[in-house]
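Here full-length UniProt numbering is used: position 30 in the sequence shown is 30, and no number is missing along the way.
Here's the structure, in structure tokens; my notes come after.
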Amino acid sequence: MAYLLLYVNDIVLTASSPSLLQRIITSLQQEFAMKDLGVLHHFLGVTVEPHPSGLLLHQRQYTLDILERVGMADYNPCSTPIDTQAKLSKDAGPPVADPTAYRSLASALQYLTFTRPDITYAVQQVCLHMHDPREPHLTALKRLLRYLRGTVDYSLLLHRSSSAELVVYTDANWAGCPDTRRSTSGDAVFLGGNLVSWSSKRQPVVSRSSAEAEYRAVTNGVAEASWLRQLLAELHSLLAKSTLVYCDNVSAVCLSTNPVQHQRTKHMEIDLHFVRDRVAIGDV
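Shown next, in the form of structure tokens:
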């Protein structure tokens, strides 16, 4: 068995035995002009370091480069990435002096979420206002950079796990956006003990109840789990158990199995049927 991950002209290759790995590398070198860089250490800006229990993925140098670029390498660190008490509004405060710099920095931070799930929500919030950044948005961006200053050594550990179960955690903040009153969905997917996928997204429509907002978050989590189950099947690593999806809203949990449709749920039928189908076939 061999797995090859290709992105443009960068390749990560692994195999079930060293001899098979070498045969594949030799075959590729006969067809293409390529160089074997040995054990994996960098891929698309992500640093890979061996660890006694697995692999550490981090973007420490990338983080330091961002802090150097904005002159915040020596700033005092902040303990949290975002102020949870205040909600960013699109019209709050005067426009920033240099919106291009704000957009460039916010875009750079998006790439950092590849190995930093702890800043995903904060990055999503500052990116919502890239079209018209204001001073409070810039303050939130600087707070996030101060948080990164104190957590520059954070990394993501991928380790061998005795369990191959797929587990999804979902949540939503109902009507959290002060401008549109849309909710924000969040999910985290674990394969065994490894965090493999996470997201924070503003929902495309306004939810009329907290149950609806939570259910839409569940839908996103179930969709991601379904894609991962399909990917694992293609990699000949079938999951023996159904995916367990956690949600802290009783009404949303009941909607996933209740076959009765009524007027209050009619407007969200697509999400309802999608999740119910996944439950009915035993995937989740």
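Glycine included, each C-beta is placed from N, C-alpha and C at the ideal position.
Within its chain, find whatever has a CB closer than 7 Å to the CB of residue i; leave out the 5 residues flanking it on each side and keep chain order.
{"i": "L20", "result": "A2"}
{"i": "S242", "result": "G282, D283, V284"}
{"i": "G54", "result": "L157, L158, H159, R160"}
Classify residue i as buried or exposed, calling it buried when 16 or more other Cβ atoms lie within 10 Å of its own Cβ.
{"i": "P94", "result": "exposed"}
{"i": "Q125", "result": "buried"}
{"i": "D179", "result": "exposed"}
{"i": "H58", "result": "buried"}
{"i": "D98", "result": "exposed"}
{"i": "A240", "result": "exposed"}
{"i": "R181", "result": "exposed"}
{"i": "A86", "result": "exposed"}
{"i": "R278", "result": "buried"}
{"i": "A33", "result": "exposed"}
{"i": "G45", "result": "exposed"}
{"i": "S183", "result": "buried"}
Give the single residue among the options whose Cα lies nearest to the Cα of residue i.
{"i": "T115", "options": "A108, C78, Y154, L144", "result": "Y154"}
{"i": "R202", "options": "K266, A122, T257", "result": "A122"}
{"i": "T120", "options": "L105, T100, L156, P81", "result": "P81"}
{"i": "D118", "options": "K90, G150, G45", "result": "G150"}
{"i": "V166", "options": "L40, L145, L232", "result": "Residue 166 is actually Leu in this sequence, not Val. Comparing Cα-Cα distances from L166 to each of L40, L145, L232, the minimum goes to L232."}
{"i": "A280", "options": "T257, D271, V48", "result": "T257"}
{"i": "C247", "options": "E234, K266, A213", "result": "A213"}
{"i": "S104", "options": "K87, G221, R69, L195", "result": "R69"}
{"i": "A108", "options": "T14, L144, C254, T184", "result": "L144"}
{"i": "V205", "options": "V152, D271, L235", "result": "D271"}
{"i": "Y75", "options": "L64, D83, L88", "result": "L64"}
{"i": "V275", "options": "H51, L13, F190, A223", "result": "A223"}
Give the C-beta separation of residue i and residue j to the nearest angstrom, bearing in mind that I take them to be a contact with Cβ-Cβ under 8 Å.
{"i": "G192", "j": "A164", "result": "6 Å"}
{"i": "V218", "j": "A188", "result": "In fact, because the Cβ distance is near 13 Å, the residues do not count as touching under 8 Å."}
{"i": "S197", "j": "L238", "result": "Contact flag wrong, Cβ pair sits at about 18 Å."}
{"i": "A172", "j": "R208", "result": "Not confirmed; about 13 Å, so no contact."}
Spatial neighbours of residue i within its chain, please: CB distance less than 8 Å, with the 5 preceding and 5 following residues excluded, ordered by chain position.
{"i": "Y102", "result": "V96, M130, P133, H137, L138, L141"}
{"i": "V48", "result": "L40, H41, H42, L55, L56, L57"}
{"i": "S79", "result": "Y147, G150"}
Helix, strand or coil for residue i per DSSP?
{"i": "H131", "result": "coil"}
{"i": "P50", "result": "strand"}
{"i": "W198", "result": "strand"}
{"i": "G150", "result": "helix"}
{"i": "I11", "result": "strand"}
{"i": "P204", "result": "coil"}
{"i": "S210", "result": "helix"}
{"i": "G93", "result": "coil"}
Closer than 6 Å by C-beta to residue i: which residues in its own chain qualify, once you throw out the five before and the five after it? Chain order, please.
{"i": "A73", "result": "L67"}
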